Structure formats: structure tokens, C-alpha cells
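**Student:** Dropping the structure in here first, questions after.
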DNA sequence: AAATATTTTAATCATTTGATTAAAAATAGA
DNA sequence: TCTATTTTTAATCAAATGATTAAAATATTT
């Protein structure tokens, strides 16, 4: 039997096109033909390499969920850093990831809504939100407030502008440059704001 | 020529089913047959009353955008209330709308991303974000910070939990009751937090 | 070079899906 | 009641879409 020697270049062309089309239009609105065309090759090749639209999507989705949680997971579980330090690390790191991947949050969130079983990382995500060092430190600082409230604020202030970016674009309110400028300003502002919330 | 006497009950059955299916699954993943079945009637009736999937969707979408901006528009443009008062009015009012319509933000945002031209309200939305009384009052209070930063925080802290609700549900982290509890707590917390941001 | 294995393509299939049509059923008007 | 109008349905259409197939092109092995 012959060993499979897959041309990495072609495979990568397909998955790169899949990343683009899936994240832009979502699973349901994506046509496998769109991906093939974007990759500059035949539709049948897509199934030759990845068997089905569903399988290809799962790959992209897992990757994207990894990106969304990957940056923060090691930070929030570090017992060497203080609460204050964690916030100062998370905010700029996360905003940079999102600047590189503006459509990421809306893509992941809407696909999880459409198909919760696609959310394979749910266990890890749950642990970050309930059993991380960050949660313990938040509870120490403010024992009377559900730590989830602060996590929602911290992540929300980072993510929300990217979720609403299509609105800004559609209303002609912000071009790409001024949006990025806005986010750059937030890098220091969010840290200040979250500290204010925690100290009062 | 005969006057059209449409049975309001049937028409309403269809649009109510459309509201449900469209907001749950999004435009692309929705099948007109799903809507017909949900409404308990024939697929052809749907086209008899509403001509096309697209037209029916536009109706629902306009309605939903109205819900999303309707509550805040009159508040932010009121020149009789102070900045402080506006915040105290917006937060609980908006959270109540969202509690009644948890899927609303994610639906509207992802559909605008998929199809920006569906966003018919874009002019009005743009004005709220740039020319409202609220914006002027924010600028008076903090001339050195783009008022959009505060609006993003105010709306984001209200909306973000609802956008991430599918994640909480999928990870089994929060049931509906504890989610609602979390939001109830936020009604006073967000007001406090936003005031902190504006006073520092 | 010949044979074998792998990659790529054009053509095609079977299903799904939005929409239409023609007829039946229900309702209103005379 | 009889007729015209409106509402509802079953059947069907045409296009789109995910996937397969068989053959051609390319690469690898001997």
C-alpha cells in the first residue's frame, strides 16, 4: 500500500481559503465552491483532502477557538503573577490577537450559538471561568461580587468593539485605521478601568 | 378588483415563526420550510403572504434592529437629563430588553456582518454614536477621551453577557436562572462602574 | 523507460431549497 | 343558494449545493 504524501502546499491553500471564507460568512452561508475558488482549485480536491465541508469546518473552528482562548489560558492560570499583573498582561496581548483577527469573536460566538456541539473546548473554557488562579484572586479582592462579573468586563471591554465592528463599518462611522486607533487607546484605558472597578 | 383581506392571524403566525427561527439560526441556516412547519402551515402560504424569504427576513430584521436601538435612542437624545441620569436610565432599561430577548444582539450583529446592506438603520445608529446629547455630555466630562470609548463600555457591559450566553450554556457553566441572576446584579453594578470610569 | 502511485480535473449525482402553479377548500357577497 | 373572491394545499420546478466518479495529468519508484 502506498504511503500518503500529501502536498502540504495544496492542503494549506485549501485550509487557508477555508479560514477566510468560513470566518467571513459563517458555516451555513459558506459554499464549498467558494472555498475552492478562493483557493484557486477544483471543488473535488477539497473533498479529496478533507472528506467533507463539515470536517474542514471542524478543523478551522478548533483552530479559531484555540486562538480565542489560547492567549489568556496561560496567563490566568499563572500563580506567579498578581491580579494586577495579570490584567496588565491580558489586555494588550488579547487586543493584539484581536487586531490580527478582527472577525474571530463574532465568528466563534455565532457558530457556537448555531451549533453548540462544535464547541469542543467547552470543558477548558469552563475551567478558566470558574477554577483559574485569576478567579481566586478576584474573590480575594472582592469577596462579595461574583468573579464572573469582572471577567465579563475584562473580556467584554476587549472583545465588544470587535463584535460591533461590522456596525461601525456599515454605518460608515469608522474606517479601519480609526478603528485600530481606538483599540490602541483602549490598551491602557481598559487596564485603568478594570483596576478602578476592583478598587472600589 | 377584490380588496385584499388578509387573515391577520395567519400572517402573524408566519411572522412569529419567522422571528423565532431566524433569530435562532440566522438567515443562511434558516429554511423556509422550517418557518412554515414552526407556524404549522404550508410552505406555499409563506410565499403567498410575504413573497420571498428575503422579504420576510427584512421585516424581522428591521423589527429587531428597532428593538436594539429603540430603547436607548430617546434616552441618549434627551437634553433634559444629566449624563448621570442617562446612565441610570439606560442600563436597567436595556438589560430588561435583553432579558426579554437574549438572542437579539448576536443575531443582529452576525447578520449585519453577513449582509451589511440589511442594516437599514445605519444612519440613525451613526447619529446616536456621534451626534447625540449623550456624546456632548461625555465630551464635557472627559474632553480628552473619545466618547465612543465610554459608549462602547456602557453598551458592551450590558450586551456582552448576552453575546457570550451560548458559551455559558454550551459549557454547562450557567443555567438560565443563574444567568438572569447575574444580569440582575449587573443592573446596579454597571451604573457604579461607568460612573467610576467617568470620574477618574 | 516502464510501471505504479498520487494528485487534479471535468462531468455528474442526489438532495436540498426557494419559489411557482393549478386546483381545492373556505369565505364573502349577491 | 349561487357566484365570485380569498385562502390553503399538494405537486412540481429550476437552481444551488455537497459529494462522488472516472479519467487525465503529474510525480514517484523500480
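Chains as they are written, first to last, in our numbering: chain A, 733 to 932; chain B, 733 to 932.
Note that CB positions come from ideal geometry on N, CA and C, so glycine has one too.
Computed from a predicted structure; not experimentally measured.
Please classify residue 843 of chain B as buried or exposed, where buried requires at least 16 other C-beta atoms within 10 Å of its C-beta.
**Tutor:** Its Cβ being crowded by 16 or more others within 10 Å, residue 843 of chain B is buried.
**Student:** Apart from the five residues just before and just after residue 801 of chain B, which ones in its own chain have a Cβ nearer than 8 Å to its Cβ?
**Tutor:** Around residue 801 of chain B: 853, 856, 857, 860.
**Student:** Is there a Cβ from chain A that is less than 8 Å from the Cβ of residue 777 of chain B?
**Tutor:** For residue 777 of chain B, the answer is no, since every Cβ of chain A falls outside 8 Å of its Cβ.
**Student:** For a contact defined as C-beta to C-beta under 8 Å, what are the partners of residue 881 of chain A on chain B?
**Tutor:** Ordered by position in chain B, the residues that pass the 8 Å Cβ test against residue 881 of chain A are 914, 917, 918, 921.
**Student:** Can you check whether the CB of residue 881 of chain A is closer than 8 Å to the CB of residue 918 of chain B?
**Tutor:** Cβ distance < 8 Å, so residue 918 of chain B and residue 881 of chain A count as in contact.
**Student:** For residue 869 of chain B, does the count of other Cβ atoms within 10 angstroms reach 16, so buried, or fall short, so exposed?
**Tutor:** Classification of residue 869 of chain B: buried, given that the 10 Å Cβ count is 16 or more.
**Student:** Taking beta-carbon pairs under 8 Å, can you tell me which members of the segment 854-887 of chain B lie near chain A?
**Tutor:** Hits within the stretch, in order: 854, 855, 857, 858, 861, 862, 877, 878, 880, 881, 884, 885, 887.
**Student:** Indicate the three-state DSSP secondary structure (helix, strand or coil) for residue 845 of chain B in the structure shown.
**Tutor:** Note: residue 845 of chain B maps to helix in three-state DSSP.
**Student:** Can the beta-carbon of residue 824 of chain A be found less than 8 Å from the beta-carbon of residue 897 of chain A?
**Tutor:** Their beta carbons are not under 8 Å apart, which means residue 824 of chain A does not touch residue 897 of chain A by this criterion.
**Student:** Going by DSSP in three states, residue 931 of chain B sits in which element: helix, strand or coil?
**Tutor:** The answer is helix: DSSP assigns residue 931 of chain B an H, G or I state.
**Student:** What first and last residue would you give for the alpha helix (DSSP H) that runs through residue 896 of chain A?
**Tutor:** Premise fails: residue 896 of chain A is in no alpha helix (DSSP H) and is neither H nor E.
**Student:** For residue 814 of chain A, which residues of its own chain have a beta-carbon under 8 Å away from its beta-carbon, when the five flanking residues on both sides are left out?
**Tutor:** 869.
**Student:** Is there a Cβ from chain A that is less than 8 Å from the Cβ of residue 907 of chain B?
**Tutor:** False, the Cβ-Cβ gap to chain A never drops below 8 Å.
**Student:** Of all the residues that make up the segment 817-847 of chain A, which are near chain B by a beta-carbon distance shorter than 7 Å?
**Tutor:** Those would be 838, 841, 842, 844, 845, 846, in chain order.
**Student:** For residue 816 of chain A, which of helix, strand or coil comes out of DSSP?
**Tutor:** Residue 816 of chain A falls in the helix class under three-state DSSP.
**Student:** Using a beta-carbon distance below 8 Å, is residue 933 of chain B in contact with chain A?
**Tutor:** Because chain B is modelled from 733 through 932, residue 933 of chain B falls outside the range shown and cannot be assessed.
**Student:** How about residue 789 of chain B and residue 746 of chain B: do their beta carbons lie closer than 8 Å?
**Tutor:** No, Cβ-Cβ distance for residue 789 of chain B and residue 746 of chain B is not below 8 Å.
**Student:** Go ahead and pull the three-state DSSP assignment for residue 762 of chain B.
**Tutor:** Note: residue 762 of chain B maps to coil in three-state DSSP.
**Student:** Identify, in the order they occur along the chain, each residue of the same chain with its Cβ nearer than 6 Å to the Cβ of residue 894 of chain B, setting aside the five sequence neighbours on each side.
**Tutor:** Within the same chain, residue 894 of chain B has close Cβ partners 830, 834, 837.
**Student:** Answer yes or no: does any C-beta atom of chain B fall closer than 8 Å to that of residue 784 of chain A?
**Tutor:** Judged by the 8 Å Cβ criterion, residue 784 of chain A is not in contact with chain B.
**Student:** For residue 738 of chain B, which residues from the same chain have a beta carbon less than 6 Å from its beta carbon, with the 5 sequence-adjacent residues on both sides left out?
**Tutor:** Model confidence at residue 738 of chain B stands at a pLDDT of 36, short of 50, so the residue's coordinates are unreliable; what they give is reported in the following sentence. So the list is empty, once near-sequence residues are dropped.
**Student:** Please state whether DSSP places residue 877 of chain B in a helix, a strand or coil.
**Tutor:** Residue state, collapsed to three classes: coil.
**Student:** Report yes if the C-beta distance between residue 886 of chain A and residue 879 of chain A is below 8 Å; otherwise report no.
**Tutor:** In this structure, residue 879 of chain A does not lie closer than 8 Å to residue 886 of chain A by Cβ.
**Student:** Name the two residues that bound the continuous alpha helix (DSSP H) containing residue 863 of chain B.
**Tutor:** Residue 863 of chain B -> no alpha helix (DSSP H), and no H or E assigned at all.
**Student:** Only counting the same chain, and skipping five residues up and downstream in sequence, which positions put a Cβ closer than 6 Å to that of residue 889 of chain A?
**Tutor:** Same-chain partners within the cutoff: 922.
**Student:** Apply the 10 Å Cβ neighbour rule to residue 787 of chain B and answer buried if 16 or more other Cβ atoms are within range, or exposed otherwise.
**Tutor:** Its Cβ having fewer than 16 others within 10 Å, residue 787 of chain B is exposed.
**Student:** Is the separation between the beta-carbon of residue 750 of chain A and that of residue 803 of chain A shorter than 8 Å?
**Tutor:** No, these two residues do not count as a Cβ contact at 8 Å.
**Student:** In chain B, which residues lie with their C-beta within 8 Å of the C-beta of residue 904 of chain A?
**Tutor:** The answer, in chain order, is 854, 858.
**Student:** With DSSP collapsed to three states, give me the class of residue 783 of chain A.
**Tutor:** Residue 783 of chain A: coil per DSSP, three-state reduction.
**Student:** Listed in chain order, which residues of the segment 757-772 of chain B have Cβ atoms closer than 9 Å to some Cβ of chain A?
**Tutor:** Here the close residues are 757, 758, 759, 760, 761, 762.
**Student:** If contacts are defined as beta-carbon pairs under 8 Å, then residue 785 of chain B and residue 764 of chain B qualify, I think. What distance do you get, rounded to the angstrom?
**Tutor:** At roughly 5 Å, the Cβ-Cβ gap stays under 8 Å, so residue 785 of chain B and residue 764 of chain B are in contact.
**Student:** Just to confirm, is the Cβ distance from residue 926 of chain B to residue 865 of chain B under 8 Å?
**Tutor:** Not closer than 8 Å, so no.
**Student:** Going by beta-carbon coordinates alone, are residue 846 of chain A and residue 760 of chain A separated by less than 8 Å?
**Tutor:** Yes; because the gap between Cβ atoms is below 8 Å, this pair is in contact.
**Student:** For residue 901 of chain B, which residues in chain A fall below 8 Å Cβ to Cβ?
**Tutor:** Under the 8 Å cutoff, chain A gives 848.
**Student:** Checking contacts by CB at 8 Å: is residue 891 of chain B closer than that to chain A?
**Tutor:** Yes, because at least one Cβ of chain A sits closer than 8 Å to the Cβ of residue 891 of chain B.
**Student:** I need the straight-line Cα distance from residue 753 of chain B to residue 901 of chain B, nearest angstrom please.
**Tutor:** In a straight line, the C-alpha of residue 753 of chain B is about 19 Å away from that of residue 901 of chain B.
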